[in-house]
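**Q** Just so you know, the sequences run in chain order A, B, C and D.
Heads up, the first sequence is in our numbering, so the first residue is 7 and it goes up one at a time.
Heads up, the second sequence is in our numbering, so the first residue is 7 and it goes up one at a time.
Heads up, the third sequence is in our numbering, so the first residue is 7 and it goes up one at a time.
Heads up, the fourth sequence is in our numbering, so the first residue is 7 and it goes up one at a time.
Quick one: the structure is below, and I'll ask about it shortly.
Protein chains: 4
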Amino acid sequence: MIKVGIVGGTGYTGVELLRLLATHPQVQLQAVTSRKEDGMPIADMYPSLRGRVALAFSAPEKAKLTECDVIFFATPHGVAMAQTPELLAAGVKVIDLAADFRLQDTAVFEKWYKMPHSCPELLKEAVYGLPELNRAAIKDARIIGNPGCYPTTMQLGLAPLLKAGVVDAGHLIADCKSGVSGAGRKAEVAMLFSEASDNFKAYGVSGHRHSPETVEQLGKLTEQKIGLLFTPHLVPMIRGMHSTIYARLTKELDNAALQALFEDAYKNEPFVDVMPFGAHPETRSTRSSNMLRIALHRPNDGDTVVVLVVQDNLVKGSAGQAVQCMNLMFGLEETTGLMHVPVMP
Amino acid sequence: MIKVGIVGGTGYTGVELLRLLATHPQVQLQAVTSRKEDGMPIADMYPSLRGRVALAFSAPEKAKLTECDVIFFATPHGVAMAQTPELLAAGVKVIDLAADFRLQDTAVFEKWYKMPHSCPELLKEAVYGLPELNRAAIKDARIIGNPGCYPTTMQLGLAPLLKAGVVDAGHLIADCKSGVSGAGRKAEVAMLFSEASDNFKAYGVSGHRHSPETVEQLGKLTEQKIGLLFTPHLVPMIRGMHSTIYARLTKELDNAALQALFEDAYKNEPFVDVMPFGAHPETRSTRSSNMLRIALHRPNDGDTVVVLVVQDNLVKGSAGQAVQCMNLMFGLEETTGLMHVPVMP
Amino acid sequence: MIKVGIVGGTGYTGVELLRLLATHPQVQLQAVTSRKEDGMPIADMYPSLRGRVALAFSAPEKAKLTECDVIFFATPHGVAMAQTPELLAAGVKVIDLAADFRLQDTAVFEKWYKMPHSCPELLKEAVYGLPELNRAAIKDARIIGNPGCYPTTMQLGLAPLLKAGVVDAGHLIADCKSGVSGAGRKAEVAMLFSEASDNFKAYGVSGHRHSPETVEQLGKLTEQKIGLLFTPHLVPMIRGMHSTIYARLTKELDNAALQALFEDAYKNEPFVDVMPFGAHPETRSTRSSNMLRIALHRPNDGDTVVVLVVQDNLVKGSAGQAVQCMNLMFGLEETTGLMHVPVMP
Amino acid sequence: MIKVGIVGGTGYTGVELLRLLATHPQVQLQAVTSRKEDGMPIADMYPSLRGRVALAFSAPEKAKLTECDVIFFATPHGVAMAQTPELLAAGVKVIDLAADFRLQDTAVFEKWYKMPHSCPELLKEAVYGLPELNRAAIKDARIIGNPGCYPTTMQLGLAPLLKAGVVDAGHLIADCKSGVSGAGRKAEVAMLFSEASDNFKAYGVSGHRHSPETVEQLGKLTEQKIGLLFTPHLVPMIRGMHSTIYARLTKELDNAALQALFEDAYKNEPFVDVMPFGAHPETRSTRSSNMLRIALHRPNDGDTVVVLVVQDNLVKGSAGQAVQCMNLMFGLEETTGLMHVPVMP
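Written out as structure tokens, the structure reads:
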């Protein structure tokens, strides 16, 4: 049994980890920290866990995290990097669901996250936790920077095209739409039901933190310079993410060849589903599961390929992907504890 | 392995059965019938099942239902009773998610469902599939009438009070609220998103089919004559049911004693959660799980007890309860395949 | 032109007042105060008002409220009573959308609102602003305590029955459901989209502030002692309120006579619509309008009458009713500026 | 007073016309036809109109449409063109909210709408009813082809750029998102609440009927050949449309100059609001009003301008625009009856 601790279990990625880990057959949950809620039974905050998670939140200093095998950080940016050196020294692995270990370039990190990086020396060994593109490194990693939700869709939607060198990497457009849970469990007026319901808007159009991470990773797949225009939008739904990606073809390629690029790339992937050419994936077809689905279009038989990608932003976009990484790091079957059938309707 | 067939797999209770049975460790899915969709892969209609359910729908006559161990009917009222005699004769058990086997009184059935009952001789052996009140009979049953969604909440919310004889059974009020999936997957204008969203209404206030079934079952718990005022409402959410039940106390009873009635009644029940006195259960705390939660209130320390009951109408209110019955009928652990942690948020 | 000031224009009742007053032909908007947003154009906070409301928020001390004819308080409880004496002295009328002037009994006020009442001497002249039951007094009032949203539905739904003396006033039940905007524009976790969407729950079952106000007002309609069990619920919709009211008949009365009680009571009311007996009013049929609709039911021809009442909680339940009062106080046609057709769908 | 008839008043554009016309000071509603609902009071279908619209639906042959001044067709494609010749002959003007008179090229019409055009000779005089680009012609028109909802946003979002010749017209991308009411009031499974709620998807990615209309109209604004990639998506909200438009700049232009293009183009337009550069318009800021809002972005100071456009698809995107055209055709102030303040929240 893997002894697991969670730092910051009160947010949505924290409770989603708890939902997944509560039924994971190889996991023993040791501690869930929250300074503010020290002593409160977790199930009092999340009644969905009544009878399923018996632990109470504990203040970090009481949590004996160094006795765990792995710690998930479901915290704001900056928390994981402060604690990681001590955990590593104690032989504990770290999976950070925030951004502390996503970017190799500390200058870029500091520009976008407005804080100095406290352990740049560890960045080099940190592994970007996207199994479909990085599986081998994840297996050997001590530190995982779990990908952002949007970046997961953009990378898996673009990787086959960039690797094959068939699109103009300098003019990529990703028009992305996310459910509201992506904003987390913070009390903000803009995320109130009465504000976000029956409404649709773009946000962060002039620049969003998920951009540099995506550009850095996509850059590994091609020698072209990456130019990415990323536009996030807020959808009045709790979970779900839909990315509509536009890439201009630079090589003659018929639709069957395009489709084959994706089918070949993902044919052994348990959590990537390449749908038939021309399909319209719905976010709900992945709800509460670790599955990501992709479909390709080529409108008017023109020179632009449109890639549609859907996932549950809290699962494949966050907590599920983190568990997938944990499975790999501990030599388990990658799908262990992650085979939930999507809840649809 | 239990060989399972589903008649009518295209509706919401059908796909929910598929979701649950796809990961049930003791079930082998043999056939899912749909005359209209004969030959269509099930996963084409429900992409949530891609990679998880390989079967195609088959026309009933091709489905070899008599070779199954049990058939679930997720069909309109009237279908199950037509096929049950033949299935029983072949040694196949039947679980009907519609109303054909819920009511013992055929006159009542015919009044509310506007059709003659085609096998009244089988009604006597049909068992009402509410395990918490009827477990022993279910274990031995060949035919299960799976309870309606509203009746499940009303019965489990009222049973401890009626059995203890502490309330006026003649003036019960159940003000119930259901998510829209309760109306099924029928193309009806009133259930369109643009009609049902951002809206709330009562319906069937003057009389609803779930009333006679509830009255018949509640009558078994008390010698008083049941008087039930049941008011259903439509909530703009997909899943979830909340019943607010009002019962006038006829005996002096303090809150601790009231609470004890419920805790004692359900202390060994895996799918009934009695919350602390005064709690406010939320429907989402049961979403996609087979759990039902109850909390008690006694406003102003008056003579009326208010019982709040929540469940997922498609799981404990329908498909999950049916699987719970199947587990009992085949001697399995009652919770097999039903331990999903609710998806919240 | 009536010179109008609004204290506290940043919340939902404030912006709703602005929406209504912006097109009111007899109103000149003088000032909208907000200490926090002093100087910010109102339309920057509410882009719906771009080009329609040119004012900026002003700090209270700059707002010259004493030069207005009437001030609306769309503030938390306690603010209006602090400023009313000075305004009255300057000849300014006051309409408070909070609770400061709703309750005549200061002990009750202080018990429920946890603050002393700062001007109990003014309570006697304060008028409860429900025009359908209190029109004459409103016309002459200097201070209006604008009714709560729930109390409006409960009073208009029960008044004809209580006045006629045909129901048991000691055992009334009001099972009420409100859209989320009723909770206001406060940043609270429980009101986040990801918490309140796709969910339904009761709250405040053991006691809610709208109860004493309703009991006090209902008491004026009958000599019986009022016993009211009021259960509020939260519906995942922005606007709308639905009250399902249960009253036990104490006199023989057929359905036509019941219906006549209501039709007679409201036949001249511009904002109360008595629908045909047995109808199911939908909240959306009143969306964004000042209309309230009522329908009666008598299930199983039993001894309980069920009254269904719907309104838009922000209009007839708050800002619209306040404008209706203003019209009366200034001798205008009562419907002036309030004849919006509901937005449906 | 303008005598108005509506053909096909049972759908969402029909009821929205009724909402707007019921308070239009210069309109007298003469007839609303529906063969199926002949004789049914309109307010029985739409209780929002109780007390506001006294008419009943009438069968077309009883409706005396030729005695009206103008007929709105809120019907499926193909109905208006069948009746227009007779109406014109009787001196009645026609405003078609469907596609019969939107496309000048009958071959294109027939390809996309799968029906022959029954009066191609009238197409030449038909005027495309987008006042901001076509005002003079509308004033003199007898026949209006009212624009589609998506095309309205795409044209008003692109017109200033195309007229100024500063973007590559051959590679325009419009990633558009619509509320569900755009699908109309048809009983379709895909539009059920339980399907469309808590979900997001693209549709018609390989080709949508609003594309040819947009291309034809945009072609009038530039000598470049139009290449438009239009991707519609379905948002779980009733009303609202958000278009995210990407255009590659072909001339050096700073942000102030870009902004000036739009502000100059629309400075006298009552229903187009150019927001500050970098703003994020929300659909709800236009809810139930005829306003359309635009904001510009230029991410990373790159070569692509992103234009965000929002409107209420049923108002500026349909019924409101039709009334705006009517006002122009009858010499009224263009804003008459259309100055509703958006309902927000």
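In this text, a Cβ means the ideal position worked out from N, Cα and C, and glycines have one as well.
Owing to the predicted nature of the structure, the values given are computational and were not obtained by experimental measurement.
Under 9 angstroms, Cβ to Cβ, is there at least one residue of chain D near C:Leu55?
**A** Interface residue, yes.
**Q** Using DSSP with H/G/I as helix, E/B as strand and the rest coil, what is C:Gln223?
**A** The answer is helix: DSSP assigns C:Gln223 an H, G or I state.
**Q** Return the first residue and the last residue of the alpha helix (DSSP H) that C:Cys331 is part of.
**A** Unbroken alpha helix (DSSP H) run through C:Cys331: Gly326 to Met335.
**Q** Would you tell me roughly how many angstroms separate the C-alpha atoms of A:Ala105 and A:Arg290, rounded to the nearest one?
**A** Rounded to the nearest angstrom, the two C-alpha atoms are 27 angstroms apart.
**Q** Does DSSP put C:Leu255 in a helix, in a strand, or in coil?
**A** Strand.
**Q** Between which two residues does the alpha helix (DSSP H) holding A:Val114 run?
**A** Thr112 to Tyr119 is the extent of the alpha helix (DSSP H) around A:Val114.
**Q** Among C:Ser295, C:Ser249 and C:Val312, which residue has its Cα nearest to the Cα of C:Met160?
**A** Among C:Ser295, C:Ser249 and C:Val312, the Cα nearest to that of C:Met160 is on C:Ser249.
**Q** Could you tell me which of D:Leu259, D:Val221, D:Gln230 and D:Pro242 sits nearest to D:Phe236, measuring between CA atoms?
**A** That would be D:Val221, whose Cα lies nearest to the Cα of D:Phe236.
**Q** Checking the sheet assignment: what are the DSSP bridge partners for A:Val316?
**A** BP columns for A:Val316 point to A:His248 and A:Arg299.
**Q** Considering only their Cβ atoms, is the gap separating D:Leu198 from B:Ala193 smaller than 9 angstroms?
**A** Against a cut-off of 9 angstroms, the Cβ pair of D:Leu198 and B:Ala193 comes out as a contact.
**Q** Taking Cβ positions only, does A:Tyr209 come closer than 9 angstroms to chain B?
**A** No, A:Tyr209 lies away from the interface with chain B (no Cβ there is under 9 angstroms from its Cβ).
**Q** State yes or no: is the beta carbon of D:Ile244 nearer than 9 angstroms to at least one beta carbon in chain C?
**A** At least one chain C Cβ lies under 9 angstroms of D:Ile244.
**Q** Could you spell out the range, first to last residue, of the beta strand (DSSP E) harbouring D:Asp50?
**A** Looking at the DSSP string, D:Asp50 is not in any beta strand (DSSP E); the run it does join, the alpha helix (DSSP H), is Ile48 to Met51.
**Q** My assumption, with CB atoms under 8 angstroms, is that A:Gly171 sits in contact with A:Thr228. Please give the rounded CB distance.
**A** Correct: roughly 7 angstroms between the Cβ atoms.
**Q** My output table needs one value for B:Thr81: the three-state DSSP class, helix, strand or coil.
**A** If DSSP states are grouped into helix, strand and coil, B:Thr81 belongs with coil.
**Q** Just to confirm before moving on: does the CB-CB distance between C:Ala175 and C:Ile101 stay below 9 angstroms?
**A** No, these two residues do not count as a Cβ contact at 9 angstroms.
**Q** Who are the Cβ neighbours of A:Ala180 in its own chain at under 6 angstroms, not counting the five residues just before and after it?
**A** Only Met160, Phe236, Ser249 and Ile251 meet the Cβ criterion.
**Q** Measure the C-alpha to C-alpha separation of D:Thr256 and D:Val173 and round it to an integer number of angstroms.
**A** If I take the Cα positions, the gap works out to 5 angstroms.
**Q** Taking C-beta to C-beta, are A:Ser184 and D:Pro305 nearer than 9 angstroms?
**A** For A:Ser184 and D:Pro305, no; Cβs fall outside 9 angstroms.
**Q** Mind checking who A:Thr237 pairs with in its DSSP beta bridge?
**A** A:Asp181.
**Q** Say whether the stretch 38-56 of chain A touches the stretch 111-118 of chain A, bearing in mind that this needs 3 or more beta-carbon pairs closer than 8 angstroms, one atom from each stretch.
**A** No contact exists between the stretch 38-56 of chain A and the stretch 111-118 of chain A.
**Q** Nearest to B:Glu275 by CA position, among B:Gln330, B:Ile150 and B:Lys9, is which residue?
**A** Comparing Cα-Cα distances from B:Glu275 to each of B:Gln330, B:Ile150 and B:Lys9, the minimum goes to B:Gln330.
**Q** Could you give the first and the last residue of the continuous alpha helix (DSSP H) run that contains A:Lys145?
**A** Looking at the DSSP string, the run of the alpha helix (DSSP H) that includes A:Lys145 is Pro137 to Lys145.
**Q** Using the three-state DSSP reduction, which class does D:Glu131 fall into: helix, strand or coil?
**A** D:Glu131 falls in the coil class under three-state DSSP.
**Q** Should C:Leu162 be flagged as near chain A, meaning a C-beta pair shorter than 9 angstroms?
**A** It does not: the Cβ of C:Leu162 has no partner Cβ on chain A nearer than 9 angstroms.
**Q** Would you kindly work out how many angstroms separate the C-alpha atoms of C:Glu339 and A:Gly323, rounded to a whole number?
**A** Rounded to whole angstroms, C:Glu339 to A:Gly323 spans 57 angstroms at the Cα level.
**Q** Below 9 angstroms between beta carbons: does that hold for C:Val349 and A:Ser203?
**A** Against a cut-off of 9 angstroms, the Cβ pair of A:Ser203 and C:Val349 comes out as no contact.
**Q** Quick one: does B:Ile179 have its CB under 9 angstroms from some CB of chain C?
**A** With 9 angstroms as the cut-off, B:Ile179 counts as an interface residue toward chain C.
**Q** From this set, D:Arg108, D:Ser124, D:Pro157 and D:Pro122, which residue's C-alpha is nearest D:Val133's C-alpha?
**A** Looking at the Cα atoms, D:Arg108 is the closest of the given residues.
**Q** Quick check on DSSP: helix, strand or coil for A:Leu35?
**A** Note: A:Leu35 maps to strand in three-state DSSP.
**Q** I want to see whether chain D comes within less than 9 angstroms of C:Val329, judged by CB atoms only; does it?
**A** Not closer than 9 angstroms to any Cβ of chain D, the Cβ of C:Val329 fails to qualify, so no.
**Q** Check C:Asp309 in the structure and name its three-state DSSP category.
**A** Three-state result, C:Asp309: coil.
**Q** Can you tell me the Cα-Cα spacing of B:Pro153 and B:Val316, whole angstroms?
**A** If I take the Cα positions, the gap works out to 15 angstroms.
**Q** By Cβ distance, which residues of its chain are closer than 8 angstroms to A:Leu298, with the 5 residues on each side in sequence left out?
**A** Thr158, Thr159, Leu162, Phe277, Val278, Asp279, Thr292, Val315, Val316, Gln317 and Lys322, listed in sequence order.
**Q** Mind checking whether D:Phe336 and D:Asp146 have CB atoms under 9 angstroms apart?
**A** No, the pair does not count as a contact, with Cβ atoms beyond the cut-off.
**Q** In this structure, how does DSSP classify C:Asp270 when only helix, strand and coil are distinguished?
**A** C:Asp270 falls in the helix class under three-state DSSP.
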